[in-house]
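A.B. asks:
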Amino acid sequence: MALDLSKVKERESLSSQREPHWQRIRPGCFLGYRPSAREGAGTWIARAYDEDQRSYRLKAIGVFGTLPARDRFSDAKREAEAFAAIVEAGGYTEEKIETMEEACQRYAVSHADAKGRFTRHVYSDPIARVKLAKLRRHHLNAWRQRLENKPAQVTLRKKGPQVTRDRAPSSINRDMAMLRAALNTVLAPGAPNTEAAWQAALKAIRNADRQRTLYLDRNQRRALLENIDAEIEPFVRTLCLLPLRPGAVSGLIVGDFDKRTSELSIGKDKSGKPRRILVPTAAAKLLAGQTKGRLPNKPLLARGNGKRWDKETWKRPIAEAVVTAKLPIGTTAYTLRHSTITDLVNAGLPLLAVAQISDTSAEMIERHYGHLSRHAAAEALAGLAL
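Per the working numbering, the sequence shown starts with residue 335, numbered consecutively.
1) According to DSSP, simplified to helix, strand and coil, what is Ala382?
2) Using CA atoms only, rank isn't needed, just tell me which of Trp477, Pro662, Ile611, Gly589 is closest to Leu578.
3) Go ahead and label Asp509 buried or exposed: buried means 16 or more other beta carbons lie within 10 angstroms of its beta carbon, across all protein chains shown.
4) By a C-beta neighbour count over all protein chains shown, 10 Å radius and 16 as the cutoff for buried, is Trp532 buried or exposed?
5) State the DSSP-derived secondary structure class of Ile691, mapped to helix, strand or coil.
6) Look at the Cβ atom of Ala462, then the Cβ atom of Glu435, and state whether they are nearer than 7 Å.
7) Got a sec, what are the start and stop residues for the beta strand (DSSP E) Ile600 sits in?
8) Quick check: what's the CA-CA separation for Arg650 versus Ser584?
9) If we call anything under 7 Å between Cβ atoms a contact, is Gln568 one with Ala667?
10) What beta strand (DSSP E) runs, 3 residues minimum, are completely inside the region 385-439?
11) Would Ala448 pass as a contact of Met512 if the rule is Cβ separation under 7 Å?
12) By DSSP, does Leu365 sit in helix, in strand, or in coil?
13) Using only alpha-carbon positions, find the residue among Gly376, Lys593, Arg499, Ser505 that is nearest to Lys626.
14) In terms of residues, what are the limits of the alpha helix (DSSP H) holding Leu670?
15) Check for me: the beta strand (DSSP E) holding Gln357 runs from which residue to which?
16) Taking the alpha helix (DSSP H) that Leu612 falls in, what are its first and last residues?
17) Using three-state DSSP, classify Ala446 as helix, strand or coil.
18) When you compare the CB positions of Leu558 and Ala622, do they come within less than 7 Å of one another, or not?
19) Following the continuous alpha helix (DSSP H) through Leu573, name the residue where it begins and the one where it ends.
20) Comparing the CB of Ala653 with every heavy atom of the ligand GTP, is any distance shorter than 6 Å?
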């Protein structure tokens with residue numbers, strides 16, 4: 335069935351993703367909608383075919399947040415049709431990008447995951463006002479220094495004591511990589527060993543993905559579950575039971591779990607290769623409960639509003655539960671994956687089997703977990719029940 339963005343409920347049920355959800359208005363004219371990763375109005379995008387260039391033109395046309403939800407489609411549709419008319423008449427000229435902020439905003443139109451990083455680290459920083467034509471290495475060196483000195487928040491609540499930690503090198507690398515990607519779309523690399531070599535300031539920190547040492551034992555994971563908000567408890571419990579990445583768990587749909595065989599199909603993960611794993615009894619019982627009365631294409635572990643969990647929505651409740659349960663500072667959703675993998679290795683499960691279950695390489699498992707003792711395999715995966 336064709337998508338109908340004019341229906342508010344249908345828009346609200348859409349998943350947050352990088353590529354907008356498109357509706358064809360007429361030949362050569364499309365209206366796209368990208369739901370907000372957080373609560374709030376999503377962004378509307380127009381797409382029109384340029385016959386001269388033999389390619390599509392894109393334009394972000396806003397959120398229309400001041401209008402009632404039922405009226406936003408009609409205004410967005412009107413803007414998209416006006417944009418298409420200009421493109422088809424040959425009167426559209428590429429929007430001129432002059433500043434760092436404009437370059438980042440343009441990149442974020444087609445890369446939804448960039449918006450949050452740019453909002454936190456670019457738009458409110460002096461670098462945002464620097465003209466691209468005058469951008470030099472020292473501008474980005476100064477920005478990088480400010481980024482490295484900025485503490486990372488552990489708690490995200492507005493009231494009460496705030497807990498922070500030093501920003502991890504791997505986090506700095508991800509923030510720099512996003513800005514580097516945005517600049518690569520509008521700037522050519524500068525001559526090496528000169529001030530024009532802006533790219534030199536954004537080189538990744540080497541060996542940033544160091545061995546992970548933060549581990550929660552089972553009592554600590556139980557404490558986390560006892561203090562977590564009830565809405566996200568099934569999501570976090572799944573992370574405690576299976577050695578999966580949070581993003582992979584978020585991407586699961588009801589149809590991915592076979593209750594008859596206790597098999598779970600994981601299609602969206604870092605490697606991009608789908609796989610099936612046999613889950614232990616405790617995890618199977620949990621996942622089976624999440625499938626009751628729900629359609630196969632719906633998120634398996636959903637929020638109260640039916641939408642998927644994502645990094646922007648799972649960070650706050652986990653961080654607050656960490657503080658309440660008095661767990662180590664720096665505990666995140668990813669810590670749970672590391673903890674379950676550690677238990678599997680300590681239980682004696684072969685490294686290749688651990689690698690296959692967790693969607694990584696045996697070399698990576700050996701690098702990060704090879705120091706662990708490997709006593710008799712008494713528990714392995716089934717022993718992860720809390």
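Glycine included, each C-beta is placed from N, C-alpha and C at the ideal position.
C.D. replies: This is what the structure gives:
1) Counted from its first residue, the sequence shown places residue 382 at position 48. The answer is strand: DSSP assigns Ala382 an E or B state.
2) The residue you call residue 578 lines up with position 244 of the sequence shown. Residue Ile611 is the option with its Cα nearest to Leu578.
3) Taking the first residue of the sequence shown as position 1, residue 509 is located at position 175. With 16 or more Cβ atoms within 10 Å of its Cβ, Asp509 is classed as buried.
4) By one-based count along the sequence shown, residue 532 stands at place 198. Classification of Trp532: buried, given that the 10 Å Cβ count is 16 or more.
5) Walking along the sequence shown from the start, residue 691 turns up at place 357. In this structure, Ile691 counts as helix in the three-state DSSP scheme.
6) Position 128 of the sequence shown, counted from the first residue, corresponds to residue 462. Position 101 of the sequence shown, counted from the first residue, corresponds to residue 435. For Ala462 and Glu435, yes; Cβs fall inside 7 Å.
7) Here residue 600 refers to the residue found at position 266 of the sequence shown. Element bounds for Ile600: 597-600.
8) For the purposes of this step, residue 650 is taken as the residue at position 316 of the sequence shown. For the purposes of this step, residue 584 is taken as the residue at position 250 of the sequence shown. Between Arg650 and Ser584, the C-alpha separation is close to 16 Å.
9) Mapped onto the sequence shown, residue 568 falls at position 234. Mapped onto the sequence shown, residue 667 falls at position 333. According to the sequence as given, residue 568 is Pro; it is not Gln. The answer is no: Cβ separation not under 7 Å.
10) 389-396
11) The sequence position of residue 448 within the sequence shown is 114, counting from 1. The sequence position of residue 512 within the sequence shown is 178, counting from 1. It is a contact, given that the beta carbons lie within the stated cut-off.
12) What you label residue 365 is simply residue 31 of the sequence shown in a count that begins at 1. Strand.
13) Here residue 626 refers to the residue found at position 292 when the sequence shown is read from its first residue. Of the candidates Gly376, Lys593, Arg499, Ser505, the one whose C-alpha sits nearest the C-alpha of Lys626 is Lys593.
14) Reading the sequence shown from its first residue, position 336 is the one you call residue 670. Leu670 -> alpha helix (DSSP H) spans 667-680.
15) The residue given as residue 357 occupies position 23 in the sequence shown. It spans 355-360 - the beta strand (DSSP E) in which Gln357 sits, taken as one unbroken run.
16) Residue 612 sits at position 278 when you count from the first residue of the sequence shown. It is not in any alpha helix (DSSP H) - Leu612 instead sits in the beta strand (DSSP E) that spans 609-612.
17) Start at 1 with the first residue of the sequence shown, and residue 446 comes out as number 112. Reduced to three states, the DSSP call for Ala446 is helix.
18) As a first step, residue 558 must be located in the sequence shown, where it is residue number 224. As a first step, residue 622 must be located in the sequence shown, where it is residue number 288. Taking 7 Å as the Cβ cut-off, Leu558 and Ala622 do not qualify as a contacting pair.
19) Along the sequence shown, read from residue 1 onward, the residue named residue 573 stands at position 239. Segment 567-575, the alpha helix (DSSP H) holding Leu573.
20) Absence of the ligand GTP from the depicted structure is noted, as is the absence of any ligand whatsoever, leaving it without description.
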